[in-house]
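This report refers to the structure that appears directly beneath it.
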Amino acid sequence: MEPVALSTIVLLPFIGSLIASALPSNARNIESTMAGLIALFCAVQLALYFPGIARGELYEQDFLWLASYGLNLSMRMDGFAWMFAMLVYGIGALVVLYARYYMSPQDPVPRFFSFLQAFMGSMAGVVLAGNIIQLAFFWELTSIFSFLLIGYWHHRKDARRGARMALTVTGAGGLCLFAGALLLGHIVGSYDLDNVLAAGSQIRNHSAYTTVLVLVLLGVFTKSAQFPFHFWLPNAMAAPTPVSAYLHSATMVKAGVFLLGRFWPVLSGTQEWFWIVSIVGATTLLFAAFMAMFQNDLKGLLAYSTISHLGLITLLFGLNRELAAVAAVFHIMNHATFKASLFMVVGIVDHEAGTRDIRRLSGLRKLMPVTTVLALVATAAMAGVPFFNGFLSKEMFFAETVLVHAPAYIQASLPVLAVTFGIFSAIYSLHFAYDVFFGPKAEDLPKKPHDPPVWMNVPVGLLVVICCAVGVLPNLTVGSFLAAAATPVVGGQLPEYSLAIWHGINKPLIMSVIALVVGTGLFFFVARYVRGKGYLVDYAFTWTLTGQRIFEYALASLTRTSRSLRLRLTTNRLQWQMFWVVMVTFLAVGLPLWHGGLTIGERAVQPISPGFGALWFVGAVCAIAAAWQAKFHRLASMVMLGATGLCVVLSFLWFSAPDLGLTQLTVEIATTILLLLGLRWLPQRDKSIRPASWAIDQSVAQARRARDLVIALIAGCGIALLTYAMLSRPFDDSASTFYLERAYTEGGGTNVVNVMLVDFRAFDTFGEIVVLAIVALTVYALLRRFRPARETMDLPMQQRVLPGDLITDLFNPRQAKDTAIGYLTVPAVLVRLLLPITTLVSVYFFMRGHNEPGGGFVAGLVFSLGLLLQYIVSGTQWVEANLTLYPRRWIAFGLACAIATGAGAFYWDYPFMTTHTAHLQLPYLGEIHIASAMFFDLGVFAVVVGATLLILTALAHQSTRGHRYHARKLEEEAEAREAARVNYMRAKAAYEAVARFNVDPQNPHNR
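When we follow the working numbering, the leftmost residue of the sequence shown carries the number 16, and every step to the right adds one.
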């Protein structure tokens, strides 16, 4: 049976994530089953790869992307990547099964499994990445999805705080890793991982080696919570326990040590590597183990023990010994199994007892016997007790500390450090197992503890069986897997090592015995006394918060500094903002010209025809008039600006550029309408308001205007001079001839402009429509919270006479009045007849765009103009009541269509966004020419329509808000008149009664 492609293994979790996000909340069983089946399927497919992996084969899958830059989408799997991928999907499947019973019915389960599967795919992308840029991309995805998982219970402050801290620390480290990846690619001349791994000596001998090393290690240390970046991991324990079991045992924090192993053949072997990696690893190893002894929260204890074991792995990689690297790989495997099972045990205890506080938990062995057995076995593996897997890798660690080649003081201190770690490990392991499961039964627990459902214990049981099997039969169970995983790390030739349980009485065995005996003795004879000393605990917590305090102080300082700079350098006045933008532009342009100078070319000046000169003269006059009237008459300014745009359109047509002219014309119409709608809600200029110092302000204003005029003239003349200098020089026509010669043969179209946009430069076009979508969404979000100025809202609207049915329509849009009945009958009928015509014209432009002037952008604008007219004439309520328009869905469909079209090129082994042309023979129609670029153009069309409608909707709703404002005012006035009438009638009746019965209203005795 052939396994599926590597890309399928990475993509399946993302597909499952999208499906899970669309499922309803009551489909929790479907979501968990789907997530578990995806993880199990990927694990089985990876297992099918193992026979080849065991033979030393390398599996690769490449997709062309930017081949000229040496950057392709590439999947690569060797033994080391295979081992990590198996941890990702194997433990992932168990965590999904566990989460099925752990998560509460009140939790938004679709969101949980969506985030979990997306993280699973991101982690698989990290370990299976075939180039280092792709690795850095998936690396940052793991930070993003871990942020979402840690902050899953976002109603809790500690979850939000821990998620932000994790994202900030790991995201910053990811940026450092990305910079290091760029430098590595620059040194090697390629970003391909095979080429990087083959250039070890070249990298180590390069002058930028230390810089690369520091940047890469910053990514490693932040992700794996190494000192001093360790503080984010304990704060991440606010996540649900399945998240902790997955992220902090087999995936998230393991990504850092994975990178150490991945780049070990390239970056290790130097003094810089030894001192930085080993010192950080040793500090983290001892410090976190010490801190774990003082934790009273079960997850906190496991968090610090995780940090300590990650420090052990880091220290092993830092020793510059092949056997130490093998021991590190072995401990990665062992730690994932016993730590995942321990986190699940903690979740079971919390789930069934209602607390994780060790001070409240006691005697659970009688109440939860099955869970107790599983917890004791996993704890023994964590403590390094013989006959469990943790003992084997810990003995290899002890052996490496004894055999290390280093200065004398290092050789003497490392064994002591290792034994001290073993003692601390035994103490916190007993603190976890003995204090929770032994002793008298706890009486004041929130719940009555009992063993969980059988299937909740199954994942823990499977991992515990692995711990026992590896500890008793290591060669049979894990020998071949370890050899396959460690071979790529050490460079292809494994050193001699033995996984036997008994090696005789030697130094590592003696060190293990000392650590276990001393640790047990200290726990039973000293631990109660030490834990009773509150100042020791307070001192320990103060120590552990040092890094966190530095982090929080840095964030607070950055916030204060940015606020101060914002107050000093920004202003609400648009004129000053534009002034500084222009001045910075002057500086950016002036410095290169100051150093390089500006020369005019020697190309002959072409004569200007009288007609074209007159056209430009009219355009210049209109532009100046628009600027002049902008302050005094906005409508006149917009008319002049539109005339300038029309002159630009005619200029394009004059120079035989119909595509540009058509695009400019439609853009000019659409933007003019949208600008007019937006300007409607700006406050009017009130000349009657003048301050006391008006005369002084007037002189200052005149000086400012003169300064701005000078700046504007310099800017305009400078742009004109730069343009003239560029056009007057001879240019290489290779670019233009390249597109002209290849537009039809390679792009399948005769319209060179359209072929350039949707084929040769399709990736640029995709970036442009993404920017357009972001701008539209941003405008929509801003205008949703925008409230027009009161002076604008108070302007007369329809002479403040609103028919009663129109007031009702404002609050019942589905019953909106038909504007074709009334004074807008003729325009309303015309625009409704125009809509199918504009639709037909847009289809015409769209279908002919690949060979004639047109295309998706122009077609989208034409179609949008037809809808714009509906809004303007028929009104927002009527249009939205009769036309179902979902602008955001248009945008989403357009982007998805563009991505799918670009990715479809991979099927034919072409680079991303490459056009494929087909000639279909259809009955009656004959031969039909279809290019895949048409579907990309369809995406452009949809994004343009969606973006235009979204901005229009945001502006149109301001008009609706204005109508509702006036409707409310009319209702308030009507209510006030009615209340006054009622009061008048009551008063009139009272005085008539007084007059009728001669009752003195001032005398209380009269009745």
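Glycine residues also receive a C-beta, built at the ideal position from the N, C-alpha and C atoms. On a predicted model such as this, the values are computed, not experimentally measured, just so you know.
Three-way DSSP call (helix, strand, coil) for residue i in this model
| i | result |
| --- | --- |
| residue 375 | coil |
| residue 78 | strand |
| residue 945 | strand |
| residue 89 | strand |
| residue 967 | helix |
| residue 512 | coil |
| residue 776 | coil |
| residue 517 | coil |
| residue 172 | helix |
| residue 459 | coil |
| residue 550 | Because the pLDDT at residue 550 is just 46, under 50, the model does not fix this residue reliably, and the value given afterwards should be weighed accordingly. Of the three classes helix, strand and coil, the one that applies to residue 550 here is helix, per DSSP. |
| residue 70 | coil |
| residue 578 | helix |
| residue 615 | coil |
| residue 846 | helix |
| residue 278 | coil |
| residue 639 | helix |
| residue 439 | helix |
| residue 623 | coil |
| residue 28 | helix |
| residue 219 | helix |
| residue 566 | helix |
| residue 430 | helix |
Pairwise C-alpha distance: residue j and residue i
| i | j | result |
| --- | --- | --- |
| residue 946 | residue 29 | 29 Å |
| residue 453 | residue 380 | 6 Å |
| residue 491 | residue 530 | 28 Å |
| residue 191 | residue 238 | 11 Å |
| residue 576 | residue 583 | 11 Å |
| residue 43 | residue 124 | 6 Å |
| residue 595 | residue 101 | 56 Å |
| residue 522 | residue 427 | 13 Å |
| residue 928 | residue 646 | 46 Å |
| residue 716 | residue 726 | 15 Å |
| residue 643 | residue 967 | 28 Å |
| residue 57 | residue 447 | 34 Å |
| residue 816 | residue 986 | For residue 816, the pLDDT reaches just 36, beneath the cut-off of 50, and the residue's location in the model is therefore unreliable, although a value from the coordinates is still provided. Going by the C-alpha atoms only, they are around 12 Å apart. |
| residue 720 | residue 636 | 20 Å |
| residue 408 | residue 948 | 56 Å |
CB contact flag (residue i, residue j, <7 Å)
| i | j | result |
| --- | --- | --- |
| residue 883 | residue 688 | yes |
| residue 296 | residue 329 | yes |
| residue 662 | residue 690 | no |
| residue 351 | residue 264 | yes |
| residue 503 | residue 95 | yes |
| residue 20 | residue 76 | yes |
| residue 174 | residue 166 | yes |
| residue 151 | residue 99 | no |
| residue 231 | residue 214 | no |
| residue 385 | residue 466 | yes |
| residue 275 | residue 332 | yes |
| residue 901 | residue 971 | no |
| residue 440 | residue 339 | no |
| residue 869 | residue 863 | yes |
| residue 877 | residue 856 | yes |
| residue 414 | residue 403 | no |
| residue 754 | residue 771 | yes |
| residue 4 | residue 357 | Since the displayed the chain opens at 16 and closes at 1022, residue 4 lies outside it and no answer follows. |
| residue 110 | residue 260 | yes |
Bridge-paired residues (DSSP) for residue i
| i | result |
| --- | --- |
| residue 312 | 372 |
| residue 207 | 146 |
Whole-angstrom C-beta distance between residue j and residue i, which should lie under 8 Å
| i | j | result |
| --- | --- | --- |
| residue 474 | residue 104 | Wrong, their Cβ atoms sit about 14 Å apart, outside the cutoff. |
| residue 322 | residue 245 | 5 Å |
| residue 875 | residue 956 | 4 Å |
| residue 679 | residue 670 | That pair is no contact at about 12 Å. |
| residue 406 | residue 534 | Actually they are not in contact, since the Cβ atoms of residue 406 and residue 534 sit about 14 Å apart, beyond 8 Å. |
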